[in-house]
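Okay, so the sequence shown: first residue is 1 according to UniProt numbering, each after it adds one. Idealized CB from N, CA, C, for every residue including glycine. Owing to the predicted nature of the structure, the values given are computational and were not obtained by experimental measurement. Down below is the structure, laid out as structure tokens.
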Amino acid sequence: MSKAGSTLPAEKRLSLLVTVLAFALPVVFVLVPLAIFLGYSFFSVDQGTIVYGFSLGNYVRFFTDPVFLPVFWNTLVLCVSVAIICILLAYPAAYFLTTLKGRWRYALLMLLLVPLLMSYVIKIYAIRSILGLNGFLNNALVALGILQEPSALFVFNMNAILLTLTLLLIPFAILPIFLSLERIPQVLLRASDDLGASGLQTFLRITLPLSLPGVASAASFVFVLAIGDFLTPQMVGGISGFTFGRILYSQFGTAYNWPFGAALSVALAVVVIAAILIGERFGRNPGTSA
Numbered sequence: 001m002s003k004a005g006s007t008l009p010a011e012k013r014l015s016l017l018v019t020v021l022a023f024a025l026p027v028v029f030v031l032v033p034l035a036i037f038l039g040y041s042f043f044s045v046d047q048g049t050i051v052y053g054f055s056l057g058n059y060v061r062f063f064t065d066p067v068f069l070p071v072f073w074n075t076l077v078l079c080v081s082v083a084i085i086c087i088l089l090a091y092p093a094a095y096f097l098t099t100l101k102g103r104w105r106y107a108l109l110m111l112l113l114v115p116l117l118m119s120y121v122i123k124i125y126a127i128r129s130i131l132g133l134n135g136f137l138n139n140a141l142v143a144l145g146i147l148q149e150p151s152a153l154f155v156f157n158m159n160a161i162l163l164t165l166t167l168l169l170i171p172f173a174i175l176p177i178f179l180s181l182e183r184i185p186q187v188l189l190r191a192s193d194d195l196g197a198s199g200l201q202t203f204l205r206i207t208l209p210l211s212l213p214g215v216a217s218a219a220s221f222v223f224v225l226a227i228g229d230f231l232t233p234q235m236v237g238g239i240s241g242f243t244f245g246r247i248l249y250s251q252f253g254t255a256y257n258w259p260f261g262a263a264l265s266v267a268l269a270v271v272v273i274a275a276i277l278i279g280e281r282f283g284r285n286p287g288t289s290a
């Protein structure tokens, strides 16, 4: 009894330490940087020097300048389009994986996730070479007679960004949908079959509604990754593919206007947090998403 009593305070201290770390790490690495960015967004720059005085000028500039807000909305539309296309392509792939038996299911899943282990820059260069004037896509379309000559439609514009982000982010959509489909109780599917429902009816009334939380999580995940990406638009967008991420990058780089960049980051953070909350709500409440 005395031994157990002597070890109890140590266990409590360890539990308290784990609890403090669990709350401290998100605060230090998430909330504190966000608070710093929020504070910087109210400062200004005068001849290359940051003026540490309260001002709403950065937000006024963001909402009134004819350049920034249109680019912001175009980027939102682009990222929503990427999320929708990824879901439309990822759902059949994830559904096909759940129809496989034994080790083949997870072997193919690992093959689909292998690109995540590759360098992001190398993947972008590979995709850019496929979409280029002399790339595989143009050569295939010319060979099939769809195009008379190679087209610049797929490179250094918004179309190139859309295609590249879709190809890069599809694995991030497949995994949540696959996990959602895999968690559907097989007894429900067998009961539907026993009651005489067709395969299409079972899919529409059981599989699809129960998998929508995974779809919502995948969509929000892809959207957040796409809207925060500035490297892909920089490498495949060209002059015509100007996104909000590139504006952010320029404010912290060549423009050296950290306060305005912080204000733009706050605007972006609001959208990201909203997307995460929406995905989390529909991801944990099948009745709401259905």
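Opening and closing residue of the alpha helix (DSSP H) in which residue i lies
{"i": "Thr64", "result": "Gly57 to Thr64"}
{"i": "Tyr95", "result": "Phe68 to Thr99"}
{"i": "Asp194", "result": "Gln186 to Asp194"}
{"i": "Met158", "result": "Met158 to Glu182"}
{"i": "Phe244", "result": "Phe244 to Phe252"}
{"i": "Ile227", "result": "Leu208 to Ile227"}
{"i": "Asn139", "result": "Phe136 to Ala143"}
{"i": "Gly132", "result": "Counting along the chain, Gly132 falls outside any alpha helix (DSSP H), and DSSP gives it neither H nor E."}
{"i": "Ala35", "result": "Val32 to Tyr40"}
{"i": "Gly199", "result": "Gly199 to Thr202"}
{"i": "Val236", "result": "Leu231 to Val236"}
{"i": "Tyr106", "result": "Arg103 to Leu113"}
Bridge-paired residues (DSSP) for residue i
{"i": "Ile50", "result": "Val45"}
Burial state of residue i (16 or more Cβ within 10 Å)
{"i": "residue 293", "result": "The structure shown does not extend to residue 293, since the chain spans only 1 to 290, so no value can be given for it."}
{"i": "Ile239", "result": "exposed"}
{"i": "Met235", "result": "buried"}
{"i": "Leu195", "result": "exposed"}
{"i": "Ile52", "result": "The amino acid at residue 52 is misidentified as Ile; the sequence shows Tyr. Label assigned to Tyr52: exposed."}
{"i": "Met118", "result": "exposed"}
{"i": "Arg13", "result": "exposed"}
{"i": "Gly261", "result": "buried"}
{"i": "Ala4", "result": "The pLDDT assigned to Ala4 is 49, lower than 50, so where the model puts this residue is not dependable; a value taken from the coordinates is nonetheless given after this. Exposed."}
{"i": "Thr207", "result": "buried"}
{"i": "Gln251", "result": "buried"}
{"i": "Leu264", "result": "buried"}
{"i": "Ser211", "result": "buried"}
{"i": "Ile247", "result": "buried"}
{"i": "Met158", "result": "buried"}
{"i": "Gly199", "result": "exposed"}
{"i": "Leu111", "result": "exposed"}
{"i": "Thr99", "result": "exposed"}
{"i": "Tyr91", "result": "buried"}
{"i": "Leu31", "result": "exposed"}
{"i": "Gly245", "result": "buried"}
{"i": "Gln201", "result": "exposed"}
{"i": "Phe72", "result": "buried"}
{"i": "Thr75", "result": "buried"}
{"i": "Ser15", "result": "exposed"}
{"i": "Ala22", "result": "exposed"}
{"i": "Leu97", "result": "buried"}
{"i": "Glu11", "result": "exposed"}
{"i": "Ser289", "result": "Model confidence at Ser289 stands at a pLDDT of 41, short of 50, so the residue's coordinates are unreliable; what they give is reported in the following sentence. Classification for Ser289: buried."}
{"i": "Gly237", "result": "buried"}
{"i": "Leu78", "result": "buried"}
Cβ-Cβ separation, residue j to residue i (assumed contact under 8 Å), whole Å
{"i": "Ile170", "j": "Ala94", "result": "That pair is no contact at about 10 Å."}
{"i": "Phe154", "j": "Leu137", "result": "6 Å"}
{"i": "Phe42", "j": "Phe54", "result": "5 Å"}
{"i": "Ser220", "j": "Gly145", "result": "Going by Cβ atoms, the distance from Ser220 to Gly145 rounds to 41 Å, so no, they are not a contact pair."}
{"i": "Val272", "j": "Val224", "result": "5 Å"}
{"i": "Thr164", "j": "Cys86", "result": "Going by Cβ atoms, the distance from Thr164 to Cys86 rounds to 12 Å, so no, they are not a contact pair."}
{"i": "Thr243", "j": "Ile161", "result": "7 Å"}
{"i": "Ala267", "j": "Ala83", "result": "About 19 Å separates the two Cβ atoms, so there is no contact after all."}
{"i": "Pro259", "j": "Tyr59", "result": "In fact, because the Cβ distance is near 10 Å, the residues do not count as touching under 8 Å."}
{"i": "Phe172", "j": "Val222", "result": "6 Å"}
{"i": "Phe156", "j": "Gly283", "result": "The pair is not a contact, with the Cβ atoms about 36 Å apart (cut-off 8 Å)."}
{"i": "Leu69", "j": "Ala269", "result": "Rounded, the Cβ-Cβ distance is 16 Å, inconsistent with contact."}
Handout entry: Stretch-stretch touch, CB-based, cutoff 8 Å, three pairs: the region 18-28 with the region 218-236
Key = no
Exercise for the section: Could you say if the region 40-49 and the region 128-135 meet the contact criterion of at least three C-beta pairs nearer than 8 Å? Expected result: no
Practice task
Flag this pair as touching only if the region 209-221 and the region 176-185 have three or more C-beta atom pairs under 8 Å; answer yes or no.
Solution key: yes
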